[in-house]
Structures are given as structure tokens and as C-alpha cells.
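Participant:
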Amino acid sequence: MNARYSRHLIVGASLSLAIGCGGEGQLDRNPGPASSPGAATWQPEALDATSPVGRLGQLRVEGGALVDQAGNTVQLKGVSTMWLNWEQSYAGSKEGLRWMRDNWGLSVVRAAMGVEPTGAYLTSPEVMTGNLRTVVRNAIDLGVYVLIDWHDHTGEAHRDEASAFFAQMADEFGEYPNVLYETYNEPRRVDWSSVVKPYHQAVNAVIRERDADNIIVMGTPFWSQAVNQAADDPVEGDNLMYTVHFYSCEHRAAQRTQAVYASDNGLAIFVTEWGATVANGGTDPNGEICQDEAQLWHDFMNERQISWAAWKLDDCPDLSCLFRAQAPRNGGWTDEWLNGHAPFVRDRMLE
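If you're matching positions, the sequence shown starts at 9 in the working numbering and goes up one per residue.
Below, the structure written as C-alpha cells:
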């Protein structure tokens, strides 16, 4: 019989002891009985005590900040996959994720599961859940945090589907401290209090029935820019965070002021998507990289220890694609393979 996976990881002297005994802490990694389709064929690897999860353990929100198991403020840094209905090869590469962890300092990956387009979750739920499951399992094996992202723009129209999906994810992965739930990618021009907040309350309740304490990150109106609206009417609950997205060629001081307002009013913020491009992700390869404006955002995030994931893990001409065409899938990304804003993203992870 498998022992139940221990979410509250060993820190301090016990962790040092684990490191001293061969570099990998042989912590209890078994999730117990399989609880959803596809779960029975995978057993997680022993946790490397030097990995992000091995070092930081169970995360929580305290005083408007993300903190680790020891109560120290944490700033996670990483990347988002492309929509998983359109790209799986980089997203699903375990060795590529390992390489970013070991060479670029990555501590979080966002699994952007598309919901609405043809071939995405609403039309192919088993395929899409399988694609996402690969990213999540790889992250757990490598001791990396992972955002399970319901990548939707009209989540209020799909609340039942989102609730069923997150029930499955919480049943399957809720034991793991690696997991964070991002329940709504980018609400459009809809009201926070009457539309978005009730959606979050309903989906959060489904998650909390199954997972009492892993972080839930909630999207905010106007493509996750108007976090100030949430600050004036927050969702009740523990270990809740709020999403801010920015693309620095368009989202500048005005949007940053909204984020500052929310942070000043005690909201815990997670920038789950950003780019140093225009808001369409830099689809014009002859467009610009607005690095100076992006740096102003990073100055703000660094000052307040706000975690982030950069868009996007893909090889395409878009200036937000990290890689040039035909870049290796499994790591070894020297400058010749980097595209668009990738050098800036890499350097911010390495700080």
C-alpha cells in the first residue's frame, strides 16, 4: 500500500540532512490511490531537496505576500507554455524543463490549457487534460511549481465545465505542494463584482472541498489588468492571489498604478503572464521589444517580491516566442536559439 504523499515538506535541519545524504531527499512522494483517468500509470520521482519545491515547500499567502513553508517571502520566476491545444513538444519536454530549472533558475511553469478554440478543452477534454497532465507531472517530478491554467476568456459561460475540471485536478494533484490553480486566464470587459467574482467563488469552493490549502490565482477584468477592482471587493478565503497581465509596449504606468493600488490594499498578486511586446504577443516579427518599460514592471515586481511567468514556451516568429524555429526541444538554448524577448526573460530569471 502506498503511503499518502506528505505535503508539508521537511525544512531546516531535516532538509539539510536530506541533502547531505546523497543530494536527493527521499521524501514520501506517493499520492495514494489513483483518483482520475490516467492517474494510475504514474508514480512521482523522489523529491530533490535542492529543487524549488524541495527548498521552499508548501506555499501560502500571508499579509498579502506569497511565502514559503518557513514564512519567508517567495518570488517564483518562470515561463508559460503556449496554448496546449496548439503546442505540446516544448511544453511536454521534461528535459527542457529540467534544463531551464538548472540553467536559468526557473521555479514555476504555467500550463496554459486552451478552453474555447476547436480542439481545445470544450471539444476535446480528454486530450487536453492529458496534455496538461504531462506538464504537471513533469513539474512534480522535477520539484518545480506549476500553475494549472484554465486558459479562457469567457469563463463565466463555462463555469460548470471549469468546476468539473478543477474538481478532477484537485482530486488528482491536490496532495502536491507544487500545484497552484489559475481558475480564469483573462476575463474580458465584464464587471468584477457581478460576473467574475461569483465565478471565482463557485470554482474556488469546488477546489477547497478537495484541496484545503494550495494557492488559487484568480483572473481580473479587462484581460487581467483591472486588479484594482478586485481590491475594492475581494473574494473571501485563504491562500488566494489575483492575476495581473502586462505587455509592456501597451501596458505602462496606468496599468501599473492599478497593480500598485491593489498591492497597497493587501491583495496578493501573481503576474501569470507578461511580455516585453505588444499585447498580441508580438505577432509582427518586425515589431518592437519594449524592454525599458518591461524593466519598470520588473522593478515593481522585484520590490514587492511578486511572482511571474513569461509568455511563451514556443518556437515561432512572434516576439514573445522564446525560441527560433527548430530550436532543440530538450534544452541547451544558447543565444543563437533565443528569439524576441527571450534574452530579457532569461536574464530576469537569473537575477
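Where is the CB? At the ideal position from N, CA and C, for every residue including glycine.
#1: Mind checking who residue 85 pairs with in its DSSP beta bridge?
#2: Between the alpha carbons of residue 214 and residue 344, how many angstroms are there, rounded?
#3: Whole angstroms are fine: how far does the CA of residue 143 sit from the CA of residue 251?
#4: In whole angstroms, give me the CA-to-CA distance for residue 219 and residue 295.
#5: Which of the three DSSP states is assigned to residue 241 in this structure?
#6: Hey, which unbroken runs of the alpha helix (DSSP H) at 4 residues or more fall wholly within the stretch 59–147?
#7: For residue 299 and residue 308, what's the separation of their Cα atoms in angstroms?
#8: Buried or exposed, going by whether 16 or more other CB atoms sit within 10 Å of the CB of residue 51?
#9: Can you give the Cα-Cα distance for residue 43 and residue 128, rounded to whole angstroms?
#10: Please report the distance separating the alpha-carbon of residue 123 from that of residue 210.
#11: Helix, strand or coil for residue 31? Go by DSSP, reduced to three states.
#12: Report the option in 194, 325, 330 whose CA atom is closest to the CA atom of residue 159.
#13: Taking just the CA atoms, how far does residue 163 sit from residue 203?
#14: Measuring alpha carbon to alpha carbon, tell me which of 278, 93, 306, 68 ends up nearest residue 135.
#15: Rounding to the nearest angstrom, what Cα-Cα distance links residue 290 and residue 326 in this structure?
#16: Which of the three DSSP states, helix, strand or coil, is assigned to residue 358?
#17: Sorted by chain position, which residues of the same chain lie with C-beta nearer than 8 Å to residue 72's C-beta, five sequence neighbours on each side aside?
#18: Once you ignore the five residues that flank residue 286 on each side, which residues in its own chain have a CB closer than 7 Å to its CB?
#19: Using C-beta distances below 7 Å, list every residue in its chain close to residue 115, excluding the 5 sequence neighbours before and after it, in chain order.
#20: Applying the 10 Å Cβ sphere with the 16-neighbour rule, what's the burial state of residue 147?
#21: Please report how far the alpha carbon of residue 224 lies from the alpha carbon of residue 157, in whole angstroms.
Facilitator: According to the structure shown:
#1: 316
#2: 46 Å
#3: 21 Å
#4: 43 Å
#5: coil
#6: 60–64, 102–112
#7: 14 Å
#8: exposed
#9: With a pLDDT of 41 at residue 43, under the threshold of 50, the modelled position of that residue is not reliable, and no figure is offered here.
#10: 18 Å
#11: Residue placement at residue 31 is poorly supported in this model, since its pLDDT is 32, which falls under 50; the coordinates still yield a value, given next. Looking at residue 31 - three-state DSSP - the assignment turns out to be coil, as it is neither helix nor strand.
#12: 194
#13: 10 Å
#14: 93
#15: 5 Å
#16: helix
#17: 271, 274, 275, 276
#18: 255, 257, 258, 295
#19: 60, 84, 85, 86, 152, 153
#20: buried
#21: 10 Å
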